[in-house]
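Inspection log for the structure reproduced underneath, given as structure tokens.
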Ligand SMILES: Cc1cc2nc3c(=O)[nH]c(=O)nc-3n(C[C@H](O)[C@H](O)[C@H](O)COP(=O)(O)OP(=O)(O)OC[C@H]3O[C@@H](n4cnc5c(N)ncnc54)[C@H](O)[C@@H]3O)c2cc1C
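Protein chains in written order, with my numbering: chain A, 95 to 449; chain B, 5 to 521.
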């Protein structure tokens, strides 16, 4: 690994000096994700391996190329897990790619996002320097929180070579409930329930059915299931449903030719799209997947009016994927990028076309 | 980081080639009377009369934050009412090249809000309104000068509360909490400030408005919101914050366990987590701390114990019953000599009262105390507490420990008498030794109180020159002129060179075989 590390540092330094753009890549499960980006391929999946895992410390540190499957197996053996449920997206992503993309699964609204579990990172700076930010302890306010800034940065500030993540014990019990509900009714219920002391860990709505997953102590799950009612779903079909939402194998997510991902306040009213789009709603109403080929401008306007943003996840013509940022909002990211990567060698344009 | 003059105080363009004035020294240099008058006039022209304080007796309350050993009278204090006035203050100070230090309640414990002699303190005290509580969306939109506890009080009628609960919560402000990424007793289960802030608004030193995050859970682009948490007032002046509210649990109970050895108590903490339990709070108090607080609060602490653990469980009644039983089992197996469980809300609060009043109690048993804030891996708790005992002998000062054990966040309280010559210097060196030990064990020099001016030297131990340059790069991106809370949080190269301690690489000193403590 030391030889590979030397080589990566050398390549980055050389790219910086020769102003050669690099396209960072882990397992490639997110090749489709983000804006188009050109550059020499910098493969990171080889820099792999779990460096430290101590269950009682609730921390796992791994090199960026380590596969999600390896990490999940290791954690499961100790009855622990990654509580943000990173999506596998039909492959076996690297932990570096997971952090760079910053995507989270069905538990996000209750448990937190990927960035909430990032404790520390090792960044490969453009001049080949190795930079540690954060660390492996639960609480740490020494220095700016660059680690969380890197989460979701899609590599534009440099390759994350190592990451330390907070892990949590697996909840001892889980129960999924299903309700026949119209969209508006489900949105209201999700928000109402989230304000009550219930062990609610995920919610979803699709095609007239609301799904609710409870998880926690067996007694709490039992009592809450009783209180909420609905149809109890067996653990296997329940797991399959949440898996399909998490990994995008759900028919709505996998089959739509043009798929939009709207991030909205959870209380935003049902979308008024004409003709109505098939939707999968997650995160208590805060995430709405829409299968629609409505024009981008319309989707962005709808999301903005509701207080959120719209990402063109898949399909459609060319054009930007992410919700565009107004020029003044771009100013600070532009200055950060200019300081971390003055020659613009890291994933140019992948997160924001201008950066 | 690329070689750029990222270090604002060492930037020749700013300070004239060759010389390297330090903000920490500049901080104490008073302005010339003409300069002070010119700045005051400029600000008075922009602000209503009640917004500018300049008389000595008016300025005195702003000399320091909660860490009074670092104090400095500012040139001026401004107390704007509106965002437009905040922007005007910043624009004017930027134009006149005047340092600005934002201030909440001044309860900070690292000198983060300590003023500059030639600078302006920008107090957010008048930004004290809760603008909106949305019970359905479970959010609170507040001004930064709102007190932490006031948010939970306003949310209570809806069965909701704001989870991060620093011990200072009756006084400290949300703006200060965001700037420090403050924690509290319940952060183990419910997260730090960073996990409970959805969005904020603020102004850069250049007077440019910035809105980050919002009511949606994702925002496009870089996650600058996360970067603001714990940025110690160096990047933005925060003028509005959207907070996440969570449902109040149906029931909470606390288990109190005694141990005859601090090492065993430390191991018990790790054992609880290893058993798959995340308590709502998991705090530890050593014998000296219990003895200091007991006469004060009469909580019924076991004064024969070397260490006391307080472990809270919350949730539905059945869930709490199960968890309490499980914790009792683990604690007994870990060698607890006595265990008590609270059976009423009054009793629960009584058990916590000593923990919450540890600071005032320290003030009662000693003329002065110095609170440290390192974080370590849980497994090292016993080892560190024993090392601290040895340092007590080395420095001839007593130290008591009350801390967030579940997070491994230590708060050694070093007792000293500032009137004794050299006592503060000894306390300071004692504290620095503890922090260095935290870094050696793979931890950090500050878990929640921030670096401020206090831990600048210790930053040299934790971060390499390139890493510190990266921090300056962030600072410069937000504040090219380096005027917003300058001289705090990030030490200059020159300062680290002078401090002369080695950077501990990744929890390892260059020569680990050499005995150090
Ligand atoms: C008795 C006691 C107990 C404490 N217990 C805890 C605890 O349990 N956990 C914990 O984390 N801390 C604790 N603290 C420390 C302190 O209360 C926190 O750091 C708190 O968040 C500071 O808030 P403040 O409003 O007093 O901020 P101040 O002290 O006024 O300022 C702190 C920093 O924030 C900046 N700042 C303030 N407002 C703004 C703003 N609007 N925009 C930009 N920057 C701003 C300042 O410039 C400064 O750098 C304790 C302190 C005391 C005295």
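Cβ coordinates follow ideal geometry from the N, Cα and C atoms, glycine included.
Please work out which residues of its chain come closer than 7 Å, Cβ to Cβ, to residue i, disregarding the five sequence neighbours upstream and downstream, and give them in chain order.
i             : result
residue 79/B  : 35, 40, 43, 121, 122, 123 and 124
residue 127/A : 195
residue 276/B : 283, 286, 315, 331 and 334
residue 453/A : Nothing about residue 453/A can be read from this structure; chain A reaches only from 95 to 449.
residue 206/B : 214, 240, 241, 242 and 243
residue 522/B : Outside the modelled stretch of chain B, which goes from 5 to 521, sits residue 522/B, for which no answer is possible.
residue 154/B : 134
Considering only residues of the same chain and omitting the five flanking positions on each side of residue i, which have a CB-CB separation below 6 Å?
i             : result
residue 20/B  : At residue 20/B the pLDDT is 30, less than 50, meaning the model places this residue with poor confidence; the figure from the coordinates comes in the next sentence. So the list is empty, once near-sequence residues are dropped.
residue 111/A : none
residue 198/A : 178, 207 and 208
residue 188/B : 168, 169 and 170
residue 270/B : 385 and 386
residue 296/A : 200, 201 and 307
residue 136/A : 116 and 118
residue 397/A : 356, 403 and 404
residue 215/A : 227, 241, 244, 254 and 257
Could you name the residues of the same chain whose beta carbon sits closer than 8 Å to that of residue i, not counting the 5 residues immediately before and after it, in chain order?
i             : result
residue 303/A : 272, 273, 274 and 275
residue 170/A : 264
residue 60/B  : 77
residue 442/B : 378, 379, 380, 388, 414, 448 and 449
residue 272/B : 261, 263, 313, 334, 335, 338, 339 and 340
Can you give the Cα-Cα distance for residue i and residue j, rounded to whole angstroms?
i             : j             : result
residue 430/A : residue 497/B : 21 Å
residue 415/A : residue 367/A : 20 Å
residue 346/B : residue 355/B : 8 Å
residue 148/B : residue 109/B : 10 Å
residue 82/B  : residue 98/B  : 15 Å
residue 2/B   : residue 411/A : There is simply no residue 2/B to check, as chain B begins at 5 and stops at 521 in what is shown.
residue 230/B : residue 132/B : 23 Å
residue 125/A : residue 348/A : 16 Å
residue 85/B  : residue 502/B : 42 Å
residue 488/B : residue 436/B : 26 Å
residue 424/B : residue 113/B : 22 Å
residue 451/B : residue 413/A : 44 Å
residue 106/A : residue 446/A : 21 Å
residue 292/B : residue 266/B : 12 Å
residue 429/B : residue 392/B : 17 Å
Under the criterion of a Cβ to heavy atom distance below 7 Å, does residue i qualify as lining ligand 1?
i             : result
residue 378/B : no
residue 107/B : yes
residue 507/B : no
residue 240/B : yes
residue 186/B : yes
residue 236/B : yes
residue 177/B : yes
residue 113/B : yes
residue 363/B : yes
residue 163/A : no
residue 170/B : yes
residue 120/B : no
residue 368/A : no
residue 453/B : yes
residue 148/B : yes
residue 180/B : yes
residue 69/B  : yes
Can you tell me the Cβ-Cβ gap for residue i and residue j, rounded? I've got them flagged as a contact below 8 Å.
i             : j             : result
residue 420/B : residue 368/B : Contact doesn't hold; Cβ gap of about 15 Å is too wide.
residue 374/A : residue 344/A : 6 Å
residue 443/A : residue 113/A : With 8 Å as the limit, residue 443/A and residue 113/A do not qualify as a contact, their Cβ atoms being about 15 Å apart.
residue 202/B : residue 247/B : 7 Å
For ligand 3, I want to know if residue i counts as a neighbour, meaning its beta carbon is within less than 7 Å of at least one of the ligand's heavy atoms.
i             : result
residue 238/A : Ligand 3 is absent from the structure shown, which contains only ligand 1.
Task: Those runs of the alpha helix (DSSP H) which lie wholly inside the stretch 304 to 367 of chain A and span at least 4 residues - done: 312 to 322, 329 to 340 and 345 to 349
Open item on the list: Which complete beta strand (DSSP E) runs does the stretch 202 to 228 of chain A hold, if anything under 3 residues is left out?
Closed with: 212 to 218 and 224 to 228
Task: Secondary structure, alpha helix (DSSP H): runs of 4+ residues fully inside the stretch 223 to 304 of chain A - done: 240 to 244 and 277 to 288
- [ ] Only counting runs of 4 or more residues, tell me where the alpha helix (DSSP H) segments fall wholly within the stretch 391 to 429 of chain B, in order along the chain.
- [x] none
- [ ] Quick one: which unbroken beta strand (DSSP E) runs of 3-plus residues sit fully inside the stretch 111 to 137 of chain B? Chain order, please.
- [x] 124 to 127
Open item on the list: List, from N- to C-terminal side, the alpha helix (DSSP H) runs of 4 residues or more that fit wholly inside the stretch 365 to 405 of chain A.
Closed with: 390 to 399
TODO: Identify every run of the alpha helix (DSSP H) within the stretch 231 to 301 of chain B, keeping only runs that are complete inside it and at least 4 residues long; order them along the chain.
DONE: 266 to 278 and 291 to 301
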